[in-house]
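Chains as they are written, first to last, in the working numbering: chain H, 1144 to 1458; chain B, 17 to 447.
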């Protein structure tokens, strides 16, 4: 990459959620990410847009995938990257978080990437820190870079979002991925369906401009994209669904259920997968339908685009 | 199923589902109703079929009893599916909905399958198993409602137990709604009723019995109505016993909620005073209530707010009933006295015969999605021929049930089943 003076893209100095983005910002981020897809496939993957900058990855929740994706994105753009994994402690979380924020602020980072188990944590940090904050997942609220990488994956396959029907299936109730995705897809004029048992649908889900199905076969009928969500193990044993075998029988994506989707429909999953719970192995591993590896690749490119855009300053 | 042709002639046909009440005949072929109507077999004797002359007696759909406890599996000394089915057949009941309160509890698809196989091999009437709503009836985690429904469970219930934890109940109802499954609830606040034997009243005080306030019922009724409103689940109160509960359910029905309720024959026929001198065969769950509540139950059946009448058949042996009132088990058998107890309301002029039979046939069939409970072409030939006027005295020793703990021993009734047919097969004939 040549380092010509780049035009600003974002209207804010943080990326806290899809909610605060506009369609034109999203389109610009996706376009920028395309250039990083090319870079990442080249032998020399280095650019200098973050040369001299400091990026801190602050992860209060374990995450191999997202953390390494941000780390790689930062390093490829030439930043100094510091990874901090913070174990959840029993002390009052709000207080600890603000204390941590002031400590980090004193180290003068340029960008802080944060993941936290509580919704609103990234927002709180953005108000306490002088640097840009990227939300890498907060509670059940938002995971904007996941939605952006999913959008990039879809756009590269379909060219755009209009006239596309996307089904988001599974634990919508606890999912920040679902919330960010449905916001983004609705903003980009895709039709969104939610498919889940009623125990895993959030209150007033119908107010989000989506169609809701509790029967997966009906919900998948004619869809272009099937987005599966991870069902966390502790939610399977009777609290929200009675068992993994029942969940897989009615909400696990297998060949039979996928057969109800549009011919050639593609399957996505944010990972990590529970094989045999929400998705059958033969589908997860079928490169003709599964976009799962491609999502991971797009993840690095989209995070490079986000870091680049934040470094450019406010439009 | 019989593949014979059987012609019933000279019957008073009563079909609550269609409102039919007319003299006529009915033809059975291959276990199903092939024809039914006023002019059928009036004059000419048809060629081949076997003829049953009904002599003007009532021919109605066989009864569907939504609340039957058996001892199979686990307590076969109290009752098996076979002995319960014999009692049912003698009572004009052609389908029993079995409660999951057995040992083991019916909370696994393979156990639903077990009940269905045992019933097919041993029972004279149809057995429609209800499965547990929570695992082990413990009220903590929901069962595999989807898989259990596929295995043949017709409803989900913890039987005579109330799910105490409101969060568990909320999720179980929301999950059941996902599969449009019927949940049958039992309304007795478990903390208020723990360790008690009867309902709180002057009478209980005189007897010195541990008693629970009757509002233990309406507290749960109102809670569950709110949860139904939120979750959209189809909900049936298995049996209610108080005016307060009936009023709350009436209000919920007026608001269009998918709520129904039942009442047991005991709570229509008996009040708390019938406990008399610590008569343990009348220790039932929920307990017998004051007369004003009993009268409200009769009123509820008469005005249609109560949808179904059940036997709440619960066999207990001498070991569990020959005890002090406080220590004795709850429950009374009732399959053979369900129809006579119901007919008592008819003879008292409280309800028409067809409306009464609706509570015992078409209403439970609709509730549970069962094909019977109706006299229509193509419906299963599950029939009862009944003499609504025949007087008799209940003799507990003559009951077909393996257990004889009837709350109605010595009671004079008027009207009972004469013949019972399941799939066109005669499974009971008096004399």
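Glycine included, each C-beta is placed from N, C-alpha and C at the ideal position.
- Under the DSSP definition of a beta bridge, residue 145 of chain B partners with B/114.
- Taking 8 Å as the threshold, the shortest C-beta distance from residue 204 of chain B to chain H does not fall below it.
- Secondary structure of residue 77 of chain B (DSSP, three-state): strand.
- Of all residues in the region 1320-1340 of chain H, only 1340 place a beta-carbon less than 7 Å from a beta-carbon of chain B.
- Separation of the CB atoms of residue 83 of chain B and residue 328 of chain B is rounded to 5 Å, and the pair is thereby assigned contact status at 8 Å.
- No Cβ-Cβ contact shorter than 8 Å links residue 323 of chain B with residue 257 of chain B.
- Taking 8 Å as the cut-off, the Cβ atoms of residue 349 of chain B and residue 331 of chain B count as close.
- Exclusion of the five residues before and after residue 1198 of chain H leaves 1217, 1222, 1224, 1254 as the residues of its chain whose Cβ lies within less than 6 Å of its Cβ.
- In the same chain as residue 219 of chain B, and ignoring 5 residues on each side of it, the C-beta atoms closer than 7 Å to its own belong to 288, 289, in chain order.
- Counted as a single uninterrupted DSSP element, the alpha helix (DSSP H) harbouring residue 319 of chain B occupies residues 307-319.
- Residue 1389 of chain H belongs to the set of residues whose beta carbon lies under 8 Å from a beta carbon in chain B.
- Neighbours of residue 173 of chain B in chain H, taken as residues whose beta carbon is under 7 Å from its own, are absent, since the nearest beta carbon is some 15 Å off.
- Only buried fits residue 1308 of chain H, as 16 or more other CB atoms lie within 10 angstroms of its CB.
- Cβ atoms of residue 431 of chain B and residue 404 of chain B come within 8 Å of each other, at about 4 Å.
- Rounded to whole angstroms, the Cβ separation of residue 1213 of chain H and residue 1256 of chain H is 5 Å, and the two are in contact under 8 Å.
- Of all residues in the region 187-211 of chain B, only 187, 190, 191, 193, 194 place a beta-carbon less than 7 Å from a beta-carbon of chain H.
- With a cutoff of 8 Å on beta-carbon distance, residue 1374 of chain H and residue 1420 of chain H are scored as near each other.
- Counting only unbroken stretches of 3 or more residues, the beta strand (DSSP E) elements lying wholly within the region 1401-1441 of chain H are 1409-1411, in sequence order.
- In the three-state reduction of the DSSP assignment, residue 1283 of chain H falls in the coil class.
- Taking a beta-carbon distance threshold of 8 Å, residue 1342 of chain H counts as an interface residue toward chain B.
- Interface flag for residue 1393 of chain H against chain B is set, since a Cβ pair is found closer than 8 Å.
- A Cβ-Cβ separation of about 7 Å places residue 355 of chain B in contact with residue 402 of chain B under the 8 Å criterion.
- If you look at residue 1334 of chain H, you'll find it in the beta strand (DSSP E) that goes 1334-1338.
- Each residue's CA atom was taken as its position, placing residue 1444 of chain H and residue 1437 of chain H some 11 Å apart.
- In terms of beta-carbon proximity, residue 158 of chain B lines the interface with chain H, with at least one pair separated by less than 8 Å.
- Residues of chain H with a Cβ closer than 9 Å to the Cβ of residue 161 of chain B are, in chain order, 1385, 1389.
- Annotation for residue 1271 of chain H: 1241, 1244, 1245, 1248 place their beta carbon closer than 8 Å to its own, counting only its chain and skipping 5 residues before and after.
- Residue nearest to residue 426 of chain B within the set B/88, B/22, B/353, B/103 is B/353 (criterion: CA-CA distance).
- If you look at residue 1259 of chain H, you'll find it in the beta strand (DSSP E) that goes 1254-1259.
- Counting only the Cα atoms, residue 1399 of chain H lies some 21 Å from residue 161 of chain B.
- Annotated three-state conformation of residue 252 of chain B is strand, per DSSP.
- Taking a C-beta cut-off of 7 Å against chain H, the contacting residues of the region 228-250 of chain B are 247, listed in chain order.
- From the listed residues B/294, B/325, B/286, the smallest Cα separation to residue 311 of chain B is found for B/286.
- C-alpha of residue 1204 of chain H to C-alpha of residue 1210 of chain H: approximately 10 Å in a straight line.
- Note on residue 119 of chain B: under 16 other CB atoms within 10 angstroms of its CB, so exposed under the neighbour-count rule.
- Nearest in C-alpha terms to residue 255 of chain B, of all of B/339, B/419, B/277, is B/277.
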